[in-house]
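In the working numbering, each number is its position in the sequence shown, counted from 1, plus 423. Glycine included, every Cβ here is placed at the ideal spot set by N, Cα and C.
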Amino acid sequence: MLIFTTKEALKNHLNPIYKKNKSIGFIPTMGALHIGHITLVKKSLSENSVTIVSIFVNPTQFNNSSDLENYPRTLKQDEALLQQTSEDIIIFAPTPQNLYNGTVTSLKFDFGKIESLMEGKFRPGHFDGVGTVLTHLFNAVNPIRAYFGEKDFQQLQIVRKLVAIKCIDIEIIGCAIYRENNGLAYSSRNQRLSENAKQQASIIHKTLIKTKEMFGTNNAEQIKKFVTSVFKNETNFDLEYFEIADVETLESIKSVDHSKKYRAFIAVFAEQNVRLIDNIALN
Ligand code: PAF
Numbered sequence: 424m425l426i427f428t429t430k431e432a433l434k435n436h437l438n439p440i441y442k443k444n445k446s447i448g449f450i451p452t453m454g455a456l457h458i459g460h461i462t463l464v465k466k467s468l469s470e471n472s473v474t475i476v477s478i479f480v481n482p483t484q485f486n487n488s489s490d491l492e493n494y495p496r497t498l499k500q501d502e503a504l505l506q507q508t509s510e511d512i513i514i515f516a517p518t519p520q521n522l523y524n525g526t527v528t529s530l531k532f533d534f535g536k537i538e539s540l541m542e543g544k545f546r547p548g549h550f551d552g553v554g555t556v557l558t559h560l561f562n563a564v565n566p567i568r569a570y571f572g573e574k575d576f577q578q579l580q581i582v583r584k585l586v587a588i589k590c591i592d593i594e595i596i597g598c599a600i601y602r603e604n605n606g607l608a609y610s611s612r613n614q615r616l617s618e619n620a621k622q623q624a625s626i627i628h629k630t631l632i633k634t635k636e637m638f639g640t641n642n643a644e645q646i647k648k649f650v651t652s653v654f655k656n657e658t659n660f661d662l663e664y665f666e667i668a669d670v671e672t673l674e675s676i677k678s679v680d681h682s683k684k685y686r687a688f689i690a691v692f693a694e695q696n697v698r699l700i701d702n703i704a705l706n
């Protein structure tokens, strides 16, 4: 397994690969890898000649400095997990200085209304940070395909916009959410939760399943009221938002149009202010 820590070293290695027109699949991550990431990696291994995983905790996408500080960093474990998955994986783990050419700041993007909703509303500047780091990473890796989990569904739609706006020729592939046995969506942030909190956090997915059952016989307002009442009674979790939104525009719905697809989206704070997000397809 190869590990590169600078764009220059990575490019030197990749140049002959580009010349041979080999397909490169890319999985951008912030490390603290889990089985959800590994399913993306395996998909890339099966679809491409070369698979590159970046491990980079991106400072510009954190609107909260303590969230950035507390973000789990487990590079050695990540390397071991990738090594077990396949010897053929290339890891790219640059420093902020190297990836950002010395200036670690966000570019400004116009992703339209989608950037101001849900994650965009509660994490100002987050999607500019994601757009910025992915612009740098896509430039450094130059893949043909890039893989993203649907847990961060809004991010996935933003990435699709990013490649469209910037005319970047990369196929963006969304992969289904991977869940623990109790339904909790795999997330690097789960590492900060006690076993007890992880068990209790199954309430998030259970509530989403219930909203799916209610969809069709209840309107969005009634479903929202139900979710709010569930979390009012959950002393260990604080609901930040719950929305039912159109999957394309991510705008909250007022009434259902059966030709469209909808998802329910949720963000919740657990112990130690660990922020968990999840979503479910409703139709
Ligand atoms: O989803 C993530 O882990 C990050 O937002 C990403 C896409 C790697 C950009 O830093």
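*Would you check whether ligand 1 has a heavy atom nearer than 7 Å to the C-beta of residue 452?*
To locate residue 452, count along the sequence shown from 1; it is residue 29. Correct: residue 452 has its Cβ closer than 7 Å to ligand 1.
*Classify residue 525 as helix, strand or coil using the three-state DSSP reduction.*
Numbered from 1 along the sequence shown, position 102 holds the residue referred to as residue 525. In this structure, residue 525 counts as coil in the three-state DSSP scheme.
_Residues bridged to residue 675 (per DSSP)_ = The residue given as residue 675 occupies position 252 in the sequence shown. Answer by DSSP bridge pairing, in chain order: 668.
*Could you give the distance in angstroms between the alpha-carbon of residue 549 and the alpha-carbon of residue 451?*
Numbered from 1 along the sequence shown, position 126 holds the residue referred to as residue 549. Numbered from 1 along the sequence shown, position 28 holds the residue referred to as residue 451. Distance between the alpha carbons of residue 549 and residue 451: 16 Å.
_Near ligand 1: residue 553 beta-carbon under 7 Å from a heavy atom_ = The residue given as residue 553 occupies position 130 in the sequence shown. Residue 553: yes, Cβ under 7 Å from ligand 1.
_Cβ neighbours of residue 621 in the same chain (closer than 8 Å, five flanking residues each side left out)_ = Along the sequence shown, read from residue 1 onward, the residue named residue 621 stands at position 198. So the qualifying residues of the chain are 603, 605, 607 and 613.
*Check whether the Cβ of residue 586 sits closer than 7 Å to any heavy atom of ligand 1, and report yes or no.*
Counted from its first residue, the sequence shown places residue 586 at position 163. Every heavy atom of ligand 1 is 7 Å or more from the Cβ of residue 586, so no.
*Quick one: measure Cβ to Cβ for residue 658 and residue 556, integer angstroms, because I've assumed they're closer than 8 Å.*
What you label residue 658 is simply residue 235 of the sequence shown in a count that begins at 1. What you label residue 556 is simply residue 133 of the sequence shown in a count that begins at 1. Their Cβ separation, rounded to whole angstroms, is 36 Å, which puts residue 658 and residue 556 out of contact at 8 Å.
*Flag residue 481 as yes when its Cβ comes closer than 7 Å to any non-hydrogen atom of ligand 1, and as no otherwise.*
In the sequence shown, counting from the first residue as 1, residue 481 sits at position 58. Yes, the Cβ of residue 481 comes within 7 Å of a heavy atom of ligand 1.
*Please find out if some non-hydrogen atom of ligand 1 comes closer than 7 Å to the beta-carbon of residue 578.*
One-based indexing of the sequence shown puts residue 578 at position 155. Yes; taking the cut-off as 7 Å, the Cβ of residue 578 has a heavy atom of ligand 1 nearer than that.
_Option in 485, 563 and 527 with minimal Cα separation from residue 436_ = By one-based count along the sequence shown, residue 436 stands at place 13. Out of 485, 563 and 527, 563 has the C-alpha closest to the C-alpha of residue 436.
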